[in-house]
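Trainee: Please find one structure pasted underneath; my questions will follow.
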Amino acid sequence: MTKIIYLDSPENFSFRPTIYSHGWSELLPFEIDEETWKLSYVFTDNNGKNPTYATISDENGRLAIEVENSELNEDFQAKILNETKHILRLDEDLNKFYKLIEKQKNLRWIADANAGRLVRSPTVFEDLIKTICTTNCSWSLTKNMTRNLVEKLGISTKNGKKSFPTAEAMANQTPEFYRDEIRAGYRSPYFHELAEAVAIKKINPESWLKSDLPTNELKKEMKKIKGVGDYAAENLLKLVGRYDGLALDSWLRAQFYKKHNKETVCEDTQITEFYSKFGSWRGLAIWCDMTERWFKVEKS
DNA sequence: GCGTCCAGGTCTACC
DNA sequence: GGTAGACCTGGACGC
């Protein structure tokens, strides 16, 4: 039995550009159906239990969340609604960004498409683990590692879908487990150490969402975690709503060379200078600029 | 089949 | 603070 709960979407929000904003929607427990344009996820209750598969779709301007659990209590239903808002960034105000790019002929499409909301996981912990999975490897390997984490450590729904593992579940595994079962390679001791630190509350990644620290200080905090360098920290900063950093990686650099530098390699300083006019929004500006063709494909 | 390169980088030791 | 070398994995590529 399923139950549908509804959520009003704000002005300047479009569902497709949001769920298609970057690769996160391809990483389990997220799944994206590009034919029906639905995004699914496996939610858990406040105790990290009762895994529940839900599919989010746009229904004439409001969001329909179809939940495969007809006996949701009020707390769990509220949690699913709040986490959906967080995943899709419904409370994020991009008007200042849209205003900033208003006179940029090549970027005006972002505001026209209501793009710029980068989909994210319900918890910063999940985004942190996934970000480490993106470092120094191909996208297919990122997907493999994430799939292994979910399939081997997640809790299963009645229909066999699995949740993202909790820090506690990850802390209970050894570095050898991550190396042999998750195929995480040199990242294996990092995962064990990080999960343990979060489980015993030595580190609280969720606090980054409302941190009063200046961005450069928060970035330093993030980089204290093994496996998190400049790229990973700046990617995480974007996911907690700060766009000061470009989060340059080999893919983003290659896209820039192709689009703005006649397919010629250049220094990072040149890329930084190119987007400096966008100030604290430069990280979002480069990401939207480099992924423009994704949206053109979608429209065609 | 085998070796090499490299992909959505980071860490450590050393200077 | 800057830099060289090492680090897991697995797909692509050349031979």
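Using the numbering used here, the letters of the first sequence map in sequence onto residues 4 to 303.
Ideal placement from N, C-alpha and C gives every residue a C-beta, glycine not left out.
How many Å lie between Phe-166 and Arg-123 at the Cα?
Mentor: On the first sequence, position 163 is the one that residue 166 refers to. On the first sequence, position 120 is the one that residue 123 refers to. Reading off the sequence shown, one finds Ser at residue 166, where the question assumed Phe. So the alpha carbons of these two residues sit roughly 15 angstroms apart.
Trainee: Suppose contacts are defined by Cβ-Cβ distances below 8 angstroms. Is Glu-34 in contact with Ser-43 by that definition?
Mentor: Taking the first sequence and counting its residues from 1, one reaches residue 34 at position 31. Taking the first sequence and counting its residues from 1, one reaches residue 43 at position 40. The answer is yes: Cβ separation under 8 angstroms.
Trainee: DSSP on Val-231, reduced to helix/strand/coil?
Mentor: Taking the first sequence and counting its residues from 1, one reaches residue 231 at position 228. Coil.
Trainee: In or out: Arg-186 buried (at least 16 other Cβ within 10 Å) or exposed?
Mentor: Here residue 186 is taken as the residue at index 183 of the first sequence, counted from 1. Label assigned to Arg-186: exposed.
Trainee: Could you tell me which of Ser-17, Lys-280 and Thr-177 sits nearest to Leu-121, measuring between CA atoms?
Mentor: Counting from one through the first sequence, the residue named residue 121 turns up at place 118. Closest option to Leu-121, Cα to Cα, is Ser-17.
Trainee: Can you give me the C-alpha to C-alpha distance between Lys-164 and Ile-7, rounded to a whole angstrom?
Mentor: If you number the first sequence from 1, residue 164 lands on position 161. If you number the first sequence from 1, residue 7 lands on position 4. If you take the alpha carbons of Lys-164 and Ile-7, they lie about 19 angstroms apart.
Trainee: Any idea which residues DSSP pairs Tyr-9 with across the strands?
Mentor: For the purposes of this step, residue 9 is taken as residue 6 along the first sequence, with counting starting at 1. Beta-bridge pairing links Tyr-9 to Ala-67.
Trainee: Shortest alpha-carbon distance to Trp-211 belongs to which of His-195, Gly-232 and Leu-239?
Mentor: Translated into the one-based positions of the first sequence, residue 211 becomes position 208. When each option's Cα is compared against that of Trp-211, the closest is Leu-239.
Trainee: Between the Cα of Leu-84 and the Cα atoms of Lys-106, Ile-203, Asp-96 and Asn-49, which residue gives the shortest distance?
Mentor: If you number the first sequence from 1, residue 84 lands on position 81. For the residues Lys-106, Ile-203, Asp-96 and Asn-49, the minimum Cα distance to Leu-84 belongs to Asn-49.
Trainee: When you compare only the Cα positions, how much space is there between Thr-5 and Leu-75?
Mentor: Within the first sequence, numbered from 1, the residue matching residue 5 stands at position 2. Within the first sequence, numbered from 1, the residue matching residue 75 stands at position 72. Taking the straight line from one Cα to the other gives about 10 angstroms.
Trainee: May I have the straight-line CA-CA distance separating Gln-21 from Cys-269, to the nearest angstrom?
Mentor: By one-based count along the first sequence, residue 21 stands at place 18. By one-based count along the first sequence, residue 269 stands at place 266. The amino acid at residue 21 is misidentified as Gln; the sequence shows Thr. Cα to Cα, Thr-21 sits roughly 30 angstroms from Cys-269.
Trainee: Do Ser-12 and Trp-40 count as a contact pair if the criterion is CB distance below 8 angstroms?
Mentor: Along the first sequence, read from residue 1 onward, the residue named residue 40 stands at position 37. Along the first sequence, read from residue 1 onward, the residue named residue 12 stands at position 9. No.
Trainee: Within a Cβ cutoff of 8 angstroms, which residues of the same chain sit near Asn-98, ignoring the five residues on either side of it in sequence?
Mentor: As a working note, residue 98 is residue 95 in the first sequence. Closer than 8 angstroms at the Cβ level, and outside the excluded window around Asn-98, lie Asn-15.
Trainee: Would you kindly report the start and end of the unbroken alpha helix (DSSP H) that includes Leu-287?
Mentor: One-based indexing of the first sequence puts residue 287 at position 284. Counting along the chain, the alpha helix (DSSP H) containing Leu-287 begins and ends at 285-293.
Trainee: Between the Cα of Glu-171 and the Cα atoms of Val-201, Thr-126 and Asp-247, which residue gives the shortest distance?
Mentor: Counting from one through the first sequence, the residue named residue 171 turns up at place 168. Cα-wise, what sits closest to Glu-171 is Val-201.
Trainee: Looking at the strands, I want to know which residues DSSP matches up with Leu-42.
Mentor: Here the question's residue 42 lines up with position 39 in the first sequence. According to DSSP, which records beta bridges pairwise, Leu-42 is partnered with Ile-35 and Ile-59.
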